[in-house]
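*Asks:*
In full-length UniProt numbering, the protein residues as written are 1 to 817.
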């Protein structure tokens, strides 16, 4: 009988014991197995992988091999869950067909650390490695895949805009194919493509037709670790908008019009919602007649749009009048059926952007997961204009790792804000170092409409970064707080104010050392304005807009737009009171107080290295590496099966398990009960008392657990919208903000979209997530059964003990964060 391999033994344990005990034991077994098959030293590592390592990284590693070996021996993984270990093993760790040796987790993080920090010396590399191995910071997937290697790009997001000509259409296709093959996520604005007759005769394919070409390209580009993915964008006033949003709905009868790989998104505006709320009509136009609108926003757009509606210059077949509510209902209906289109607001996104350059009214554009908001400018090349491609580099902070103990009245006593600040500074330095050395997939390619080195040029101009988070829900659980409590609302503001403040400070320090990004003097930052200042400016602008609030309209009852101004959280609230110093070349250090006012003075004096700093991205794959909840999302269930390209995993909420263990109440039958209830704990108290014989004295504790671990579908959506809104003033880009409805109807979606818009969200709605029970009733085959108990039903229940699958491999790994 053949011996069982260590991997098979670990896999068997992971499948048979779904508790955290089993997960950590299986993860450690796999981790030990990986280490046993990896190079034993840095020298052997470089020798093994020298053919794919960047020569500069390989040389640095060999030069400092002794120091790096020592730090990897002193700081290594001490515990790891099965899902995290196997995700690393199958998705991230480097291997070659010419050798049986594979990269281990420590070597992976050391390779990434050298890529990030070797320009600053070995001490910086060591500090970077410690932050990665400890889990305080997590780079995006492209950096883990490609950092320190010869090929691939470390950029996460690429944003493109198509112009209305064949050169632009096909050059855009080639460009995003290069980016996709290199590992980036794609966002393409197709709003300029006409629907009307062409000058050469015949009819244009329009946005939907050309979108099919791009959709097919995404489907054909396959990378070793994930499928290519992109989102296509359309304006709400485009003649094709109804057909475009319908392309996201999978249809057996109309296969040709359905997008199978690309996601869709619609840019809306306050004027659209104003008319929808008033039950008025809107006019849709062929893009041929709206090119002058496509860079306008707020009242500049409103004025020009109304003038176009009154114009007699647009042919009847190039315009169409429909009810604004009809379009809103169509968007909602498609979201119910397919989860898309995503919904964004170009007024809020463009007005509240540091890319609102002086003298240029350009709108911002967005990316695959609709959390990036960036301009896509044209630049002069000789006598011609060529378009750049916006690019963003990401990283995320582990919020769960900051909790030191349960909340007892003062967040400074239980949240390590000092480590949070330090992690932010390190992450900002890492991303900026990455920008300086990242590979440009278009370098060497000659285009007629696109700059051949578009990534390099835009990075010099704007140097946009996106610093996000993961484990927000885990942080709340570890603090023993309940989502929707005033304490959580307060912590939400403090954490993101702290992140924004320290990201801005580090960007200023880097500007003092290396110089501000080239477009700095054109941005609102040059006037000392922060993102919350733009929030307050938008409040005032909207209040005075005759298009949004015409005379005679009751603001309170007709259009409940939130026009509140905010006062930023003072740094002393999270304990940052010692002041800060900044030193530029040839000058003595200048001291400043830890206040927003002094930070503003420093911004004006030195500039910033980056035009944009913070974003809330989904962090799908990278969260799995840390065993944490994604971004700022609340878990959709407490027990589920997760299917990714790395395998199938049963995942139980470990924080819930820890709470029960702490009171001596854990029983393995609990997992079965929660599985039957499709991840919900709302009947846990009665089950444990009536079925498991737990004493009544534990009822208050168990009832509180039911509130604490309510899923995203069981929490009022207004709670999630408030959390999103109150951190928005500290978010430079936007937030991938999904809706969660246990029973998803068109009315539910309309309500969510409007409430989110009222909160002035830039990204009004990312995915529409429907309730797990509802999904299960549609397709029981998409469920994963519990080991050894699959067909046994809980007494009094009609549901089998099978678990919902959260997502499939392509979805989890398509996101570049």
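Built from N, CA and C at the ideal position, the CB exists for glycine as well.
1. Within the chosen definition, does the segment 485-499 reach the segment 413-432 through at least 3 CB pairs nearer than 8 Å?
2. Using only alpha-carbon positions, find the residue among 287, 673, 621, 435 that is nearest to residue 517.
3. Do you know how far the Cα of residue 673 is from the Cα of residue 690?
4. Can you give the Cα-Cα distance for residue 160 and residue 290, rounded to whole angstroms?
5. Does the separation of the CB atoms of residue 614 and residue 730 fall below 8 Å?
6. Can you give the Cα-Cα distance for residue 194 and residue 232, rounded to whole angstroms?
7. So, with DSSP's three-state summary, where would you put residue 530?
8. Would residue 850 pass as a contact of residue 185 if the rule is Cβ separation under 8 Å?
9. If I'm right that residue 484 touches residue 753 with Cβ under 8 Å, what's the distance once you round it to whole angstroms?
10. Is it buried or exposed for residue 401, if we count other Cβ within 10 angstroms and need 16 for buried?
11. How would you call residue 827, buried or exposed, if buried means at least 16 neighbouring beta carbons within 10 angstroms?
12. DSSP three-state call for residue 822: helix, strand or coil?
13. Taking only three categories from DSSP, how would you classify residue 157?
14. Quick check: what's the CA-CA separation for residue 759 versus residue 176?
15. Going along the chain, which unbroken runs of the alpha helix (DSSP H) with 4 or more residues stay wholly within the segment 119-188?
16. Please report how far the alpha carbon of residue 478 lies from the alpha carbon of residue 454, in whole angstroms.
17. With a Cβ-Cβ cutoff of 8 Å, do residue 102 and residue 64 count as a contact?
18. I need the boundaries of the beta strand (DSSP E) containing residue 274, first residue and last residue.
19. Using a Cβ-Cβ cut-off of 7 Å (strictly less than) and excluding sequence neighbours within five positions of residue 706, which residues of its own chain qualify?
20. Using CA atoms only, rank isn't needed, just tell me which of 359, 205, 628 is closest to residue 83.
21. Output the distance between the C-alpha atoms of residue 307 and residue 429, rounded to the nearest integer angstrom.
22. Where residue 131 and residue 166 are concerned, what is the direct C-alpha to C-alpha distance, given to the nearest angstrom?
23. What residues in its chain sit with their C-beta under 6 Å from that of residue 295, if we drop five residues either side in the sequence?
24. Short of 7 Å in beta carbon distance, which residues of its chain neighbour residue 770, apart from the five on each side in sequence? Order them along the chain.
25. For my contact list, residue 636 and residue 711 are in at a C-beta cut-off of 8 Å; report their separation, rounded to the angstrom.
26. Between 135, 338, 151, which has its C-alpha nearest residue 79's C-alpha?
27. Can you give the Cα-Cα distance for residue 403 and residue 247, rounded to whole angstroms?
28. So does the segment 597-608 actually touch the segment 485-493, counting three or more Cβ pairs closer than 8 Å?
29. May I have a chain-ordered list of the alpha helix (DSSP H) segments no shorter than 4 residues that lie completely inside the segment 336-420?
30. If you drop the 5 nearest sequence neighbours on each side, which residues of the same chain put their C-beta closer than 7 Å to that of residue 390?
31. Given residue 575, which residues of its chain have a CB within under 6 Å of its CB, disregarding the five upstream and five downstream residues?
32. State yes or no: is the C-beta of residue 481 within less than 8 Å of the C-beta of residue 519?
33. Quick check on the DSSP output: what are the complete alpha helix (DSSP H) runs of length 4 or more inside the segment 453-497, in order along the chain?
34. Residue 712 lies in the alpha helix (DSSP H); which residues open and close that run?
35. So within the segment 577-651, which uninterrupted beta strand (DSSP E) runs reach at least 3 residues, ignoring any that extend past its ends?
36. Going by the beta-carbon positions, is the gap between residue 187 and residue 345 smaller than 8 Å?
*Replies:* Looking at the coordinates:
1. yes
2. 435
3. 13 Å
4. 19 Å
5. yes
6. 15 Å
7. coil
8. Outside the displayed range of the chain (1 to 817) lies residue 850, so it cannot be described from this structure.
9. Between residue 753 and residue 484 the Cβ distance is about 21 Å, and since that is not below 8 Å, they are no contact.
10. buried
11. In the structure displayed, the chain extends from 1 to 817; residue 827 sits before or after that span and is not available.
12. This structure cannot settle anything about residue 822, because the visible part of the chain is limited to 1 through 817.
13. strand
14. 33 Å
15. 122-133, 141-146, 166-182
16. 44 Å
17. no
18. First-last for residue 274: 270-277, but that is the alpha helix (DSSP H), not the beta strand (DSSP E).
19. 681, 682, 684, 685
20. 628
21. 48 Å
22. 47 Å
23. 361, 362, 363
24. 741, 744
25. 6 Å
26. 135
27. 44 Å
28. no
29. 346-351
30. 159, 365, 374, 375, 376, 458
31. 412, 417
32. no
33. 454-461, 472-478
34. From DSSP, residue 712 is part of no alpha helix (DSSP H); its letter is neither H nor E.
35. 580-582, 590-592, 639-644
36. no
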